[in-house]
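Trainee: To get the working numbering, take the position in the sequence shown, counting from 1, and add 342.
Each residue gets a CB set at the ideal place from its N, CA and C atoms; glycine is no exception.
This is the structure I want to talk about, given as structure tokens.
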Amino acid sequence: MSETDSIIKDKLKAMAEGGDNRRHPHNLQGVLRLAVEAGAAGDGQAPSVPMSEERKEWLRGALAEISKGQLNEVEQMKRCLAVLQKDGMNTKECEGEEGQRDEEEEDERETALEILSEFCENLDNARDLMVLGGLQLCVSHCVGHVQSGVRWRAAQLLATCAQNMPEVQLHLLAIDALPKLLRLTDSDPHPTVRVKALYAVSCLVREQEAGLRAFVSQDGFSVLMRGMQSEDERLRTKSAFLLLNLLSAHPEQKGTVLSMGMAEQLVSVLRSPHSSFHEHVLGALCCLVEDCPQGLKDCRSSYLGLDELLKHRARDLQGREECQEELDFCKQLRATCFQGQQTDDNGMDR
343 MSETDSIIKD KLKAMAEGGD NRRHPHNLQG VLRLAVEAGA AGDGQAPSVP MSEERKEWLR
403 GALAEISKGQ LNEVEQMKRC LAVLQKDGMN TKECEGEEGQ RDEEEEDERE TALEILSEFC
463 ENLDNARDLM VLGGLQLCVS HCVGHVQSGV RWRAAQLLAT CAQNMPEVQL HLLAIDALPK
523 LLRLTDSDPH PTVRVKALYA VSCLVREQEA GLRAFVSQDG FSVLMRGMQS EDERLRTKSA
583 FLLLNLLSAH PEQKGTVLSM GMAEQLVSVL RSPHSSFHEH VLGALCCLVE DCPQGLKDCR
643 SSYLGLDELL KHRARDLQGR EECQEELDFC KQLRATCFQG QQTDDNGMDR
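Okay, here's the thing in structure tokens:
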């Protein structure tokens with residue numbers, strides 16, 4: 343193989359493995375054009391004559407060799423779906439049959455979901471899984487499965503496929519994945535299921551207008567509120583972070599959450615034993631009072647005692663480098679809400 347051919351083949355391999363940041367060609371003509379460019383770069387000059395038929399044939403063979411991996415992955419995904427399909431009726435409604443399940447079959451289901459999640463880190467595979475009906479199968483048969491290991495792995499798979507993929511996000515919204523994921527987040531008895539389900543919810547609603555509308559209509563903010571009050575640290579943290587993200591990106595939702603009593607709920611969360619996720623809670627409160635008279639009014643209510651709470655919290659955080667952002671939110675929130683009302687706080691309002 344010539345040096346130029348080696349460069350071309352390496353370029354095709356990098357493209358197949360996702361190492362080329364440009365838009366991938368979707369047909370042989372596009373691949374040949376890419377190969378010509380790579381060959382020209384390797385020769386140090388622009389091509390001056392059309393590519394010979396022999397050259398094209400070699401490139402076809404190189405592309406076929408590189409594509410085997412992708413084709414094999416599709417076949418493996420089909421096998422994984424077959425494993426999940428044969429268990430399609432074993433949902434939570436069939437809890438009485440749980441004791442009859444074979445442990446080996448349970449491992450197969452969980453392994454199939456793990457393999458699919460790994461494959462679907464590749465966006466092309468995520469799209470292929472959607473076309474194969476895999477996402478529909480996952481939503482209809484796996485997220486409500488009696489085995490918690492299947493439920494959380496199914497949620498993980500949906501999250502993996504949905505992130506940064508508007509086409510997949512809209513498909514999942516159309517097949518009603520969001521309400522099922524919200525129910526898991528809100529009430530599943532297994533903490534890992536709740537955390538993974540919230541991750542999938544986040545992948546469906548962040549930077550996705552249709553997803554946010556569905557989230558609001560299904561009372562998603564209440565789910566986040568309850569998540570911040572849960573006993574699981576991971577769920578509290580992810581709930582607070584998603585709330586902060588949504589309020590920062592969509593200030594028009596402030597009225598919605600304030601009408602639910604969110605300011606009071608967030609202050610109540612701050613009164614719980616100190617935790618790192620309080621940084622996100624304070625950030626959400628800062629969002630609620632920024633350019634929002636109702637948010638200011640709610641936070642200034644004397645019965646909340648927010649001023650004193652912030653004063654004591656800032657004192658506790660002083661000098662702790664790992665808490666600097668939380669301290670900054672404390673100062674920002676207190677300055678916005680109470681600056682000018684009191685000045686006996688050792689200059690903190692200045």
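For S618, count neighbouring Cβ atoms within 10 angstroms of its own Cβ and tell me buried if that reaches 16, exposed if not.
Mentor: Burial call: exposed.
Trainee: Hey, how far is the Cα of R548 from the Cα of E395?
Mentor: 49 Å
Trainee: Rounded to the nearest angstrom, what separates C484 and H622 at their Cα positions?
Mentor: 32 Å
Trainee: Whole angstroms is fine: what's the gap from G430's alpha carbon to R676's?
Mentor: Because the pLDDT of G430 is 46, which lies under 50, any placement of that residue in the model is unreliable, and the question is left without a value.
Trainee: Over the uninterrupted alpha helix (DSSP H) stretch that includes V537, give me the two end residues.
Mentor: P533 to V547
Trainee: Measure the C-alpha to C-alpha separation of L761 and E399 and round it to an integer number of angstroms.
Mentor: Since the first and last residues shown for the chain are 343 and 692, residue 761 lies out of range.
Trainee: Using 8 Å as the threshold, is the C-beta distance between C641 and A656 below it?
Mentor: no
Trainee: Nearest to S581 by CA position, among E594, G562, A591 and P593, is which residue?
Mentor: G562
Trainee: Considering only residues of the same chain and omitting the five flanking positions on each side of L465, which have a CB-CB separation below 7 Å?
Mentor: M507
Trainee: Using 8 Å for Cβ pairs, my map puts T527 next to G569. What's the rounded Cβ distance?
Mentor: 7 Å
Trainee: State the start and end residues of the unbroken alpha helix (DSSP H) segment that holds C628.
Mentor: Following the DSSP letters along the chain, one finds C628 inside the alpha helix (DSSP H) bounded by residues H620 to V631.
Trainee: For V558, collect the residues of the same chain with a Cβ closer than 8 Å to its Cβ; drop the 5 residues on either side in sequence, then sort them by chain order.
Mentor: Q595 and T598
Trainee: According to DSSP, is A383 part of a helix, a strand, or is it coil?
Mentor: Reliability of the predicted coordinates at A383 is poor, the pLDDT of 49 falling under 50, and the value obtained from them is presented with this limitation in mind. Note: A383 maps to helix in three-state DSSP.
Trainee: If we call anything under 8 Å between Cβ atoms a contact, is L471 one with A454?
Mentor: no
Trainee: Tell me which residue opens and which closes the alpha helix (DSSP H) that Q478 is part of.
Mentor: G476 to L479
Trainee: My output table needs one value for V373: the three-state DSSP class, helix, strand or coil.
Mentor: With a pLDDT of 49 at V373, under the threshold of 50, the modelled position of that residue is not reliable, and the figure given next carries that caveat. DSSP places V373 in helix when its eight states are reduced to three.
Trainee: Is A556 closer than 8 Å to V510 when the C-beta atoms are compared?
Mentor: no
Trainee: How would you label R613, buried or exposed, when you count the other beta carbons within 10 angstroms and need 16 or more for buried?
Mentor: exposed
Trainee: Rounded C-beta distance between L515 and G553? I'm assuming under 8 Å.
Mentor: 6 Å between Cβ atoms; contact.
Trainee: Closest to M419 by CA distance: which of F461, E448, E452 and R451 is it?
Mentor: F461
Trainee: Roughly how many angstroms lie between the CA atoms of L524 and R421, to the nearest whole one?
Mentor: 29 Å
Trainee: Ends of the alpha helix (DSSP H) at P758?
Mentor: Shown here, the chain extends from 343 to 692; a query on residue 758 therefore has no answer.
Trainee: Considering only C-alpha positions, which residue in the set P593, C545, K538 and S610 is nearest to M567?
Mentor: S610
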